[in-house]
Amino acid sequence: MTSSEKNQGNPPAPPPPKVTFGRRTGSGRYVRYSREDLESELGNVDFSKYVVQFPLTPDNQPMDVVPLDPAVSDKAVEGCEDKVPAAKTKATIDRRMRSMTWGAAGEFDYNQLLFETKGTYGYGNAIRAEEDEAGDGEDRGEPKDFVGKPWRPLTRKIKIPAAILSPYRLLVAIRIVALSLFLTWRIAHKNQDAIWLWGMSVVCEGWFAFSWLLDQLSKVSPINRATDLSILKQKFESPSPSNPTAKSDLPSIDVFVATADPVKEPPLLTANTILSILAADYPVDKLTCYLSDDAASLLTFEAITEAASFASVWVPFCRKHRIEPRNPDSYFSLNRDPYKNKLRPDLVRDRRRIKREYDEFKVRINGLPESIRRRSDAFHASEELNASSVEPAVKIPKATWMADGTHWPGTWNIPAADNSRGDHSAIIQVMLKTPLDHPVFGGGGGGAVLDLSEVDVRLPMLVYISREKRTACNHYRKAGAMNSLLRASAIMSNAPFVLNLDCDHYIYNSQALREGICFMMDRGGDRVCFVQFPQRFEGIDPSDRYANHNTVFFDVNMRALDGLQGPVYVGSGCLFRRIALYGFDPPRAKNHHPLHMPSPDLSISSNTSKFGNSIYLLDSIPVTEYQGRPLADHPSVKNGRPSGALIFQRDPLDASTVAEAINVVSCWFEEKTEWGSKVGWIYGSATEHLVTGYRMHNRGWRSIYCVTKRDAFRGKAPINLTDRLHQVLRWATGSVEIFFSRNNALFASPKMKFLQRVAYLNVSIYPFSSIFLIAYCFLPALCLFSGQFIVQSLDITFLIYLLVITLTVCLLAILEIRWSGIELEEWWRNEQFWFIGGTSAHLAAILQGLFKAVTRIKIHYTLTSKFAGGGDDNNDDEFAELYVVKWTWLMVPPLTIILMNLIGLAVGVSRTLYSIIPQWSRLLVGVFFSFWVLAHLYPFAKGLMGRRGKTPTIVFVWSGLIAITISLLWVAIKPPSANSRIGGSFSFA
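Convert by adding 182 to the 1-based position in the sequence shown; the result is the number in the working numbering.
Structure below.
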């Protein structure tokens, strides 16, 4: 009888158990391999014969070994094609059991099994048995671990808990319904006694609802992200067959720092930023720093020269002791113990020596203005002396002289033709040359400041650039400077990634560059155009009176945008993909053409009109695109590069390279090209950063928001009320310019997601809320003057709607605080300053934007001062600038609102007190809304008082005149009747 006949009538046998593959993560969680991951790691391994190892636990003990008859052991089992192998010997079992330890009470130690098995248990249990060369199939010893390790991503998304996000979305829906019903009820129930109050209030409330909806729709999908720097090091800086020496395979980064005025942006501040960049924890030969000096100042030039000299001791000191932050001014100003968690015993001695070196460095920097003036006077006197012997006498212009006895080619202290801020030659100076690709260790003997025998003393390349300026050219402020750096760096270093920083934003976290690169090098990273870091600030008063930290924007709005197509570009602290700045579409787009070397898409004839007539620049484009690709270490990476492709030594700079860099920063290079319109930073707006990011998203790119545990960058912010208002004015004017341009989100391409388009529309439309906000702020005073209210009577329906709308706002704020991590006080400060900006700077921005749209006249803006200095009697106060009151017309509207509401309160209370029948309930509503307005404007009023009430008299004079004029105008329009009383026909239901 055959085996098939024997099995007739019996139930079918259950399927054999499947072997699943998985690994145990560092946190103790088990992750199962997907088929895709398994194929990527083990695709070339033949699993025809393998051994499944099971750990020897108390529940899985070997049986007693019983000697078997060789004849029986060699006999085939019925129903199987192979023979059952003989049992393992007891010696083999004892050898496997030696690695197991048992507790004192005889219990098995599971912790050792889980955490000390070196991957045999944690990475999976399916291991192929090793066969001998003869191929007899016998087991020759223990199975070996896989050489490769499972593919792991560099980044991961951390979703907001559903217990917070689901109620948040539900509350948004409830508030939308409540606002719709409320506005419908308001339109249906007119106040016939004060139709003008009713009309103003309904229009304002309708706009506020629309504005809130635009702002809220982009917040429905917030996410968080995290990086794993250990995986980055494993993939790019560990030995491998393609990189046996473990050289860094990370892509290069060019860091752009921009400065425009050595007075408002002190050279010491810029020098500290440069030092923090040079000391960043990134491969030295992969990092280059470029400084753009748009003022072409010799003061900045010599300050950077001093910084390059001081970097030779500061950067090795940072590497030796791994200090944070790596800005010397911030490091030596720390309020905490600098020796905490530091193990090297020589830190105290080294820190004392570096502190002395830094103090001398500051003295030299602060003494540069006087040193340059004296040197120039001496050389000028010598020139005049030589010219006096020549007939006829020649007038010698007073030039600014360099230390080598030559004229400074940039801006002179006393401007002259071809040597003024807007008219000077191009300057490029390599301060620190290209480093070697292998470590260079310092010495520890002789007169060395530090013992650097075990420290790599190489420094990244540092380049000073001042683009050419001529009076006949438009230079486009910061955007033009950034485009000049973009072209010059493509010639000199051509890194595939570009980080731009303001001169007052320094690297606070030395590993920030690595965290940003994780997103670019991860799977799908080739479609990321930029990684935006949040902006954090120092030197702000503890109460943050004017919401300088802007935490609601950076921790709420930007995290929410990251769940859509990505955050907006905010102007600093942003890591760009160079190829995205060049105006190309992302990979795998419908109209995307891949760049190869050489590429038919990059022929000279078709691209000189786009990029200019530089062959060097055109040849660099496919190179930087290839070097910016992620590793092809996974089947799902469609546009990758092989491992080890970027471990080559960078070529040193030669004279022809620098000459070509000079050519591309000339003021005529951009003529008849697409620079500023489709390539690089986009021109035509005060907020060029917003337009530049918008263009990238409009082409289908996405961006990433990178919030690090330790702040990536820190900078300065204006704490003075006037400076803060001017800063908000510039931002709001740029938004209005965007609204009246072709960059309006209403005209976005289909490649931009709908909610991302809504977010950009909100960015360009928010200043217009000031018109309705100012009108609404006057309503409480007008109600108190007239005795009327925006509704006929306080109907219970009106009160219910008001309660629901208020409660939903409060609950939404609480949930936003929960998932963003901000504090309630920060949220309230943001609300207050939005109110202050909306009643002052935003209104002026609308007028300026309309003026520019109609007349096409360029608007000039004042550069925000980065130097904090107080009054004469406040020099010892860290926040002295907070109390300085500077006159500006922007103060008039909010101060007028305050005075009008105070006058309205006085009028309303006095009329109620002296009326025959006091109607306190009628007064209550107007008083409540007046206090609501005054509470939001309290920081503004406090700022006007200064420290000793030093408010300019003109502020009160103009505000008082405007308040009196409005009051007289109201009396003239509607004079009071003889028997009129407070309250009029208003009554409670």
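The beta carbon of each residue, even a glycine, is placed where N, CA and C say it ideally should be.
Since we're looking at a predicted model, the values are computed, not measured.
Under the three-state reduction of DSSP output, His687 falls in the coil class, being neither helix nor strand. Annotation for Glu856: Gly765, Ser791, Lys792 and Phe793 place their beta carbon closer than 8 Å to its own, counting only its chain and skipping 5 residues before and after. Met1073: not part of any beta strand (DSSP E); DSSP gives it neither H nor E. Secondary structure note for Glu1063: it is in no alpha helix (DSSP H), with a DSSP letter that is neither H nor E. Counting only runs of 4 or more residues that sit fully inside the region 681 to 764, the alpha helix (DSSP H) segments are 694 to 703, 740 to 744 and 760 to 763, in chain order. In summary, Asn880 is buried, with 16 or more beta-carbon neighbours lying within 10 Å of its beta-carbon over all protein chains present.
As far as DSSP is concerned, Ile797 takes part in no beta bridge.
In its chain, beyond the 5 residues on either side, Pro678, Leu777, Ile803, Thr806, Glu807 and Gly810 have a beta carbon closer than 8 Å to the beta carbon of Ile761. Annotation: Ile1041 is outside any alpha helix (DSSP H) and is labelled neither H nor E by DSSP.
DSSP lists Val710 as the beta-bridge partner residues of Arg884. For Arg1011, the enclosing alpha helix (DSSP H) covers residues Leu1006 to Gly1020. Phe960 sits in a helix when the DSSP states are folded into three classes. Per DSSP, Leu353 is one residue of the alpha helix (DSSP H) stretching across Ala344 to Ala370. Between Ala694 and Phe895, the C-beta spacing is below 8 Å. Taking C-alpha positions only, Asp704 is separated from Arg357 by approximately 39 Å.
By the C-beta density criterion, Lys898 is buried, having at least 16 other C-beta atoms within 10 angstroms.
Straight-line spacing of the CA atoms in His687 and Ala462 works out to 14 Å. Closest by C-alpha distance to Cys849, out of Cys655, Pro423 and Val402, is Cys655. Cβ atoms of Cys965 and Val1115 stay farther apart than 8 Å, at about 12 Å. Between Leu363 and Tyr1120, the C-beta spacing is not below 8 Å.
Under the three-state reduction of DSSP output, Asn1083 falls in the helix class. Classified as buried, Tyr464 has 16 or more neighbouring CB atoms from the shown chains inside 10 Å of its CB. In the DSSP assignment, Gln611 is bridged to Tyr646.
Judged by DSSP secondary structure, Asn548 falls within the alpha helix (DSSP H) whose first and last residues are Leu529 to Asn548. An exposed status is given to Met1127, since fewer than 16 other beta-carbon atoms sit within 10 Å of its beta-carbon.
In this structure, DSSP gives Thr593 an extended state, which the three-state scheme calls strand. Non-local C-beta neighbours of Asp708 in its own chain, meaning closer than 7 Å and more than five positions away in sequence, comprise Pro769, Arg811, Pro812 and Asn821, ordered along the chain. Around Asp476, the same chain offers Ala442 and Ala663 as residues with beta carbons nearer than 6 Å, after the five sequence neighbours per side are excluded. Note that the region 1018 to 1029 does not touch the region 734 to 743; fewer than 3 beta-carbon pairs, one per stretch, sit closer than 8 Å. For Cys849, no alpha helix (DSSP H) run applies, since DSSP gives it neither H nor E. Following the DSSP letters along the chain, one finds Ala814 in no beta strand (DSSP E), marked with neither H nor E. Per DSSP, reduced to three states, the secondary structure at Ala841 is helical. Taking a C-beta distance under 8 Å as the contact criterion, Val940 and Leu396 qualify as a contact pair. For Glu870, the number of other beta carbons within 10 angstroms of its own is at least 16, and it is reported as buried.
In this structure, Glu552 sits away from Phe492, with a CB-CB distance that is not shorter than 8 Å. In terms of Cβ geometry, Arg501 and Asp638 form a close pair [threshold 8 Å].
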